[in-house]
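Peer 1: Just so we're aligned: the sequence shown equals residues 27 to 243 in this note's numbering. Just so you know, even glycine gets a beta-carbon here, dropped at the ideal spot from N, CA and C. For reference, the structure I am asking about is given below.
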Amino acid sequence: MRILIIAPHNDDEVLGCGGTIAKYAKDGNEVIVCEVTAGDLKDPVVQLQKREAKESHSILGVAQTVFMDLPVVGLREMQTRELNARFLQMVQKISPEIVFIPHKGDMHIDHRMVIEAAMVALRPVSCPQLKAIYAYETLSETEWNTPCVDNAFIPTVYNDITDEIELKLEAMKCHASQLCEYPHPRSLEAIRALAMHRGSTVCVGYAEAFMVIREIL
């Protein structure tokens, strides 16, 4: 099975579904991660973040990393037609059967723009092979937005990542430029705590939680 993870920024995919990526990869599935935005490609920090992403993906078993290199915090300045076309081109080239995207209630504008463009590209008429779309939560984005019904992340699917939690944490360690000290949510302690919380909800050691957007049984 071909699985596509769409990440607005480097490390979002590890925070949201690093354990799920590792689990799919161990089961022999082809996992592709699409990193949507980047800063100035001449900036050494941007190149460092790309290396960090590739290192983390190697740990998780990602088969391919796609860098779209769209402007970070600049997606809303792009023409809607151009943005949608870039996503459609990427999705049709990969032809995924399952897709994971960020949650529509995330605080960062890049996340919301990515979701809108992804959903246009993932319309059934454009992706007849697609079986499911799930939304993942991203620490320091999903829980920090204005609390209201429209922004609420309400888990409907849980993935037991008890056997993959250490791989997820090792992959996150690769993102040294993004990691923070606890109690910041982008810390190893917070990542483990969230996985424990989601796991306790379904009586497993560790889990990642998702919202079903579309699923064909």
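In this structure, does DSSP put tyrosine 93 in helix, strand or coil?
Peer 2: The identity of residue 93 in the sequence shown is phenylalanine, whereas the question assumes tyrosine. DSSP places phenylalanine 93 in strand when its eight states are reduced to three.
Peer 1: Can the beta-carbon of valine 59 be found less than 8 Å from the beta-carbon of isoleucine 31?
Peer 2: Result yes, Cβ atoms of valine 59 and isoleucine 31 sit closer than 8 Å.
Peer 1: Given this structure, state the Cα-to-Cα distance separating alanine 178 from glycine 131, to the nearest angstrom.
Peer 2: Rounded to whole angstroms, alanine 178 to glycine 131 spans 6 Å at the Cα level.
Peer 1: CA-CA distance, isoleucine 191 and glutamate 108?
Peer 2: Spanning the two alpha carbons is a distance of roughly 38 Å.
Peer 1: For isoleucine 31, which of helix, strand or coil comes out of DSSP?
Peer 2: In the structure shown, isoleucine 31 sits in a strand (DSSP, three-state: E or B).
Peer 1: Along the alpha helix (DSSP H) that carries phenylalanine 179, what are the first and last residues, could you check?
Peer 2: Per DSSP, phenylalanine 179 belongs to no alpha helix (DSSP H) and is neither H nor E.
Peer 1: May I ask you to list the residues that DSSP assigns as paired with methionine 237?
Peer 2: According to DSSP, methionine 237 bridges with Ala161.
Peer 1: Alpha carbon to alpha carbon, how far is asparagine 55 from threonine 250? Give it in angstroms, no decimals.
Peer 2: Given a span of 27 to 243 for the chain in the structure shown, any question on residue 250 remains unanswerable.
Peer 1: Where glycine 42 and leucine 205 are concerned, what is the direct C-alpha to C-alpha distance, given to the nearest angstrom?
Peer 2: Glycine 42 and leucine 205: Cα-Cα distance of roughly 14 Å.
Peer 1: For isoleucine 120, which beta-bridge partners are listed by DSSP?
Peer 2: Its beta-bridge partners do not exist; DSSP assigns none.
Peer 1: Select from Met27, Thr164, Gln115 and Leu156 the residue whose C-alpha is nearest the C-alpha of isoleucine 242.
Peer 2: For isoleucine 242, the nearest C-alpha among the options comes from Leu156.
Peer 1: Around the Cβ of glutamine 253, are there at least 16 other Cβ atoms within 10 angstroms (buried) or fewer (exposed)?
Peer 2: The displayed coordinates of the chain run from 27 to 243. Any statement about residue 253 would go beyond what the structure contains.
Peer 1: Confirm, please, whether the CB-CB distance from valine 98 to histidine 201 is below 8 Å.
Peer 2: No, these two residues do not count as a Cβ contact at 8 Å.
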